[in-house]
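Q: Sequence lines, in order, name chains A and B.
Heads up: the first sequence begins at 1 in my numbering, then just goes up one per residue.
Heads up: the second sequence begins at 1001 in my numbering, then just goes up one per residue.
Here it is, the structure in full.
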Amino acid sequence: MVRAHVLICGGTGCTSSGSQDIQKAFRENIESYGLADEVKLVQTGCFGLCALGPVVIVYPDGTFYSRVTPEDVKEIVEEHLLKGRIVERLVYNDTGNDKEEVTGNVALGDTAFYKSQNRVVLRNCGVINPENIDEYIAMDGYAALGKVLTEMTPEDVIKCVTDSGLRGRGGGGFPTGRKWALCAPNKAPQKYVVCNADEGDPGAFMDRSVLEGDPHSVIEAMAIAGYAIGATQGYVYVRAEYPIAVKRLQIAIDQAREYGLLGKNIFDSGFDFDLHIRLGAGAFVCGEETALMTSIEGNRGEPRPRPPYPAVKGLYNSPTVENNVETFANIPQIILRGAEWFASMGTEKSKGTKVFALGGKIKHTGLVEIPMGTTLRHIIEDIGGGIPGGKKFKAAQTGGPSGGCIPASLIDTEVDYDNLTAIGCMMGSGGLIVMDEDTCMVDMAKFFLEFTVDESCGKCTPCRVGTKRLLELLDKITKGNGTLEDLDRMEELCLYIKQNSLCGLGQTAPNPVLATLKFFRDEYVAHVKDKVCPAGVCKDLVSYSIIADKCKGCTKCARNCPVGAITGTIKNPHEINQAACIKCGACIDNCPFGAIVRK
Amino acid sequence: MKSLAELQAIKDRMKDKVILREGVNDIRVVVGMATCGIAAGARPVLATLVEEVNAAGLSDKVTVSQTGCIGICQYEPIVEVFEAGKDKVTYVKMTPEKAKRVVEEHLKGGNVVNEYTIAGHKE
C-alpha cells in the first residue's frame, strides 16, 4: 500500500539541472531500503520555482525540497521516507515573513512564492504525471468535454466562453468567445482548430510548461473548441526546440486516441475530432497567426494580409480558430466551473488569471499564475522575492521584444491588458523580465531590436528595412556617436514602422525603443550628450582605471585579465593599458581592495 | 470512450492514487519512525494504518505520516493522532492489531481507545 508520493519535477528547467539523475537515485535508494511498495515515484511537470530546481516534493507532508543533488537523495530516503525526519537543510520554507524564523515543514500553499498565486492554468502542473492520462482524469480531466458533448449545444459553449470574459493569452487579448463566434457560422467542408505553441519571446516559457506538465488540458480544450465551431481536425504548432513538450504531447494524444477521447464518435455523440502536431523550426514570426498557418501548410512562414481573417479563410483557406496554449488550458475549467466563476477573478475588462515567466534580476526565477489586476510590486517583491544583492529595481519588461518596459515609478500598476496598454506597454504572452540599476535601458532596447531584426521575415519593407535602420541608430548611440536629432528621428521611424508593417511582429517591434525613450530619455541623453553610459554597460562609453593609492599590488587583477592588459610589479600600483582593454570587468570583480573604478 | 460513466469509473479508480498529493487532511496520524520505533516494530504498524485508513474510505479525511523519535522510546511503537480543535492523543506500544482497532473506533467512530493511550496504558 502506497503511503508516500515523491514528486520529481521533469520540466525543462529541472531536467537541465539534473532531475533525471535524481529520479534514478531515488529509484535505486527506495529499492535498496525495501520501500518500493510503500513509496511511489512520480515525474511531474513544472512546479514554477525553477530558480530552486531540481525540485522534489514529498507527500502527504508536502515537504518542498529544493536544489536537490543525487548525493542528497540517500539522505532524503533514509531520513524522511524511512524514519520520518525532514531533511531541514534542503527544505524550502520561505514564507516571506521576516519577523519570525521558520523551521521545519511549511505547506506549499503557505510559502511566499505560492500563497498569492491562483493556479487555474497550472493547476495540474507539478501535481500529476503528465504521461498518465488516468491521473488527469482523476483531476476532473475530460469531464468538461463529456459535459459539452452530452449536455451543451455549440452555441451554449460559445456563450459560456464569451460570458467568462476570457481573452487571448498569446498577447493580443482578443476575446476568445468572440473569435469562436466569428468562425462558427462560416460554412465549409472542413474547419480547423489550431493551437499556437510557438512560444518565441526570449525568457518566456509559460506554454512550454503547460504542454510539459498538463498536455491533456490543451487536447481537451481543442476538442471543445472543435465542437463549438464545427471543426473535426486540429493542429498543435509547437517549436522543435521544446523536445520534452513535444514528446509528452505526443504521448498524451496517443493515450487520448486509445481511450477514444480523440477520434470518431467521442462519447457516443457523433462528434469526431483528431489532432496532429506540427513542428516549427523556431522562427519568431511563426508565432503570428497567419504566418503560423502558412507554415503548417508547408510554406515558408510569412504572414498574410488581413482581411480575410482566419475565421473566414485560415488554414488551407478554410475557417480556422487559432488560440494560444494558455488560452486553451483555461477552457475546461470554465466549462466545468462556469462563466461566473471565471469572471469573478481579475479586473473589469481582464478576467481570470495570467501566467508570467519571471526572469532577469529576481530572486525566484520561475513561473507564477496570479489573478489579473495584481500589482507589479506584489509580483516582484512578494512572489518573486525581490531583487538579489539589495540592488534597486529599475524597470520590468513585459511582452518580450514586442512589449515595453514599466519603470519603477509605475510599480504599483495593476497588471491587466488595458492598464499595460495605457502606459504604452503590452501584456504579451507573459514574459516578465526584471531589470535592476545595473541594466542600461539603451542597451536593453538594442538587445530586443537585434532580436526582431534577426527574426523579421522580410516580406514587408517597413519591418525589414525599418527595424534595421532603427538598430543602426541605436548602435550609433551606444557607441557615443549619436546626436539629439537622432532621438527624434528614431521616434518618427518607430511610429512609421508601427503603422505600416504587415503583421504583429513589425507593428510591435519598435515598442521597446518607444517605451525606453518615453521613460528613460535621460539615459539616452546621457549617452548622446555626456558620452557616458550611466549603468556602465555600453563598452564604448566605459573605461576602467586603477586608483594608485588604493592598489596594493597584489597582482590579482593582472592574473585574471583575459587579454593581459594590466601591467605592474608586485607590491606596486598596477596600470591598465586602455588600448588593449576589452572592458570585460574581470579586474573589478576580482580586486579585493576596491581599487578599480568603472567610469 | 463511449459514456460519461466510463470516465467516472476511471476517475473513481484513480482518486485514491492521487489524493495523497492534496496535502495534509483534517486528521493527521503520525507514527514514530526513528531507530527506536523501527526496532520496536513501527513499520508493520504504519503499513496497517495506511491500509486500514484506505479500506475504511477515510483517505480524504486522514493523513498517515511518520515522524522521528518522540522521546519516550520505552513506549515505542508510538502513534499520535492530531485533530484540529482537539487534544493530541498518544497511543503507545502499538501493534498491527491495535492499529486496526484505532482506525475502526477512533478515526472512523470518533471514540478514543483509552486503554491503548499513554494515560490508560497498564504495564
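Ideal placement from N, C-alpha and C gives every residue a C-beta, glycine not left out.
Do you know whose CA, among B/1051, B/1112, B/1032 and B/1077, lies nearest residue 1086 of chain B's CA?
A: Checked all of B/1051, B/1112, B/1032 and B/1077; the closest Cα to residue 1086 of chain B is B/1112.
Q: When you compare only the Cα positions, how much space is there between residue 427 of chain A and residue 261 of chain A?
A: So the two alpha carbons sit approximately 34 Å from each other.
Q: With a floor of 4 residues, list each alpha helix (DSSP H) that falls wholly inside the region 457-504 of chain A, ordered by position along the chain.
A: You should have 461-478 and 484-500.
Q: If you compare alpha carbons, which of B/1095, B/1044 and B/1089 is closest to residue 1120 of chain B?
A: Nearest of B/1095, B/1044 and B/1089 to residue 1120 of chain B, Cα basis: B/1089.
Q: Is it the case that the Cβ atoms of residue 536 of chain A and residue 431 of chain A are separated by a distance below 9 Å?
A: No.
Q: Starting from residue 146 of chain A, find everything on chain B with Cβ-Cβ shorter than 7 Å and list it in chain order.
A: Within chain B, the residues near residue 146 of chain A are 1004 and 1007.
Q: Which residues does DSSP pair with residue 233 of chain A in a beta bridge?
A: Answer is A/192 and A/274.
Q: Could you check the C-alpha separation between residue 607 of chain A and residue 189 of chain A for me, to the nearest Å?
A: Coverage of chain A is limited to positions 1 through 599, which leaves residue 607 of chain A absent and any answer about it impossible.
Q: Using only the alpha-carbon positions, how far apart do residue 174 of chain A and residue 588 of chain A sit?
A: Rounded to whole angstroms, residue 174 of chain A to residue 588 of chain A spans 49 Å at the Cα level.
Q: Any idea if residue 209 of chain A is buried or exposed, counting beta-carbon neighbours within 10 angstroms, 16 or more meaning buried?
A: Answer is buried; the Cβ neighbour count reaches 16.
Q: Less than 9 Å separating the beta-carbons of residue 10 of chain A and residue 44 of chain A?
A: Against a cut-off of 9 Å, the Cβ pair of residue 44 of chain A and residue 10 of chain A comes out as a contact.
Q: Given residue 391 of chain A, which residues of its chain have a CB within under 6 Å of its CB, disregarding the five upstream and five downstream residues?
A: If we look at residue 391 of chain A and ignore the five residues flanking it on each side, its Cβ neighbours are 436 and 437.
Q: Are residue 353 of chain A and residue 371 of chain A closer than 9 Å when you measure CB to CB?
A: Yes, Cβ-Cβ distance for residue 353 of chain A and residue 371 of chain A is below 9 Å.
Q: Using a C-beta to C-beta distance shorter than 8 Å, which residues of chain A count as neighbours of residue 1068 of chain B?
A: 83, 84 and 85, listed in chain order.
Q: In the structure shown, what three-state DSSP assignment does residue 1082 of chain B receive?
A: Of the three classes helix, strand and coil, the one that applies to residue 1082 of chain B here is strand, per DSSP.
Q: With distances taken from CA atoms, which of A/404, A/165 and A/220 is nearest residue 429 of chain A?
A: The shortest Cα separation from residue 429 of chain A among A/404, A/165 and A/220 belongs to A/404.
Q: Using a Cβ-Cβ cutoff of less than 6 Å, which residues in the same chain neighbour residue 56 of chain A once the five nearest sequence positions on both sides are dropped?
A: The answer, listed in chain order, is 8, 65 and 68.
Q: If you check the beta carbons only, do residue 463 of chain A and residue 502 of chain A fall under 9 Å apart?
A: Contact flag set, yes.
Q: DSSP beta-bridge partners for residue 1113 of chain B?
A: BP columns for residue 1113 of chain B are empty, so no partner.
Q: Of all the CB atoms in chain B, is at least one closer than 9 Å to the CB of residue 267 of chain A?
A: It does: the Cβ of residue 267 of chain A has a partner Cβ on chain B nearer than 9 Å.
Q: Per DSSP, what are the beta-bridge partners of residue 363 of chain A in this structure?
A: Answer is none; residue 363 of chain A lacks a bridge partner.
Q: With a threshold of 8 Å, are at least 3 pairs of Cβ atoms found where one atom belongs to the region 522-540 of chain A and the other to the region 434-453 of chain A?
A: Result yes; three or more Cβ-Cβ pairs closer than 8 Å.
Q: Looking only at its own chain, which residues have a Cβ that is under 7 Å from the Cβ of residue 114 of chain A, when we skip the five neighbours before and after it?
A: Excluding sequence neighbours, residue 114 of chain A sits near 108.
Q: If residue 324 of chain A and residue 169 of chain A are in contact, beta carbons under 8 Å, what's the gap, nearest whole angstrom?
A: Right, their Cβ atoms sit about 5 Å apart.
Q: For residue 405 of chain A, name the three-state secondary structure that DSSP assigns.
A: Strand, per DSSP.
Q: Which first and last residues belong to the beta strand (DSSP E) in which residue 606 of chain A is found?
A: With chain A running from 1 to 599 in the structure shown, residue 606 of chain A is simply not present.
Q: Is residue 1078 of chain B close to chain A, meaning its C-beta is less than 9 Å from at least one C-beta of that chain?
A: By this cut-off, residue 1078 of chain B is not an interface position.
Q: Applying the criterion that 16 or more other CB atoms from any shown protein chain within 10 Å of the CB defines a buried residue, is residue 303 of chain A buried or exposed?
A: Buried, since its Cβ has 16 or more Cβ neighbours within 10 Å.
Q: Tell me whether residue 261 of chain A sits in a helix, a strand or coil according to DSSP, three-state version.
A: The answer is coil: DSSP assigns residue 261 of chain A none of H, G, I, E or B.
Q: Pull up the DSSP beta-bridge partners for residue 183 of chain A, would you.
A: In DSSP, residue 183 of chain A forms no bridge with anything.
Q: Alpha carbons only, please: which of A/395, A/376, A/346 and A/347 is nearest the one belonging to residue 361 of chain A?
A: Among A/395, A/376, A/346 and A/347, the Cα nearest to that of residue 361 of chain A is on A/395.
Q: DSSP three-state call for residue 1063 of chain B: helix, strand or coil?
A: Reduced to three states, the DSSP call for residue 1063 of chain B is strand.
Q: For residue 510 of chain A versus residue 467 of chain A, is the C-beta distance shorter than 9 Å?
A: In this structure, residue 467 of chain A lies closer than 9 Å to residue 510 of chain A by Cβ.
Q: If you draw a straight line from the C-alpha of residue 313 of chain A to the C-alpha of residue 186 of chain A, how long is it?
A: Between residue 313 of chain A and residue 186 of chain A, the C-alpha separation is close to 10 Å.
Q: Which chain B residues are close to residue 134 of chain A, counting only those with a beta carbon under 7 Å from its beta carbon?
A: Correct list: 1010 and 1014.
Q: Let's test the definition: count the other Cβ atoms within 10 Å of the Cβ of residue 1059 of chain B and tell me whether it reaches 16, buried, or not, exposed.
A: Residue 1059 of chain B is buried by the Cβ-count criterion.
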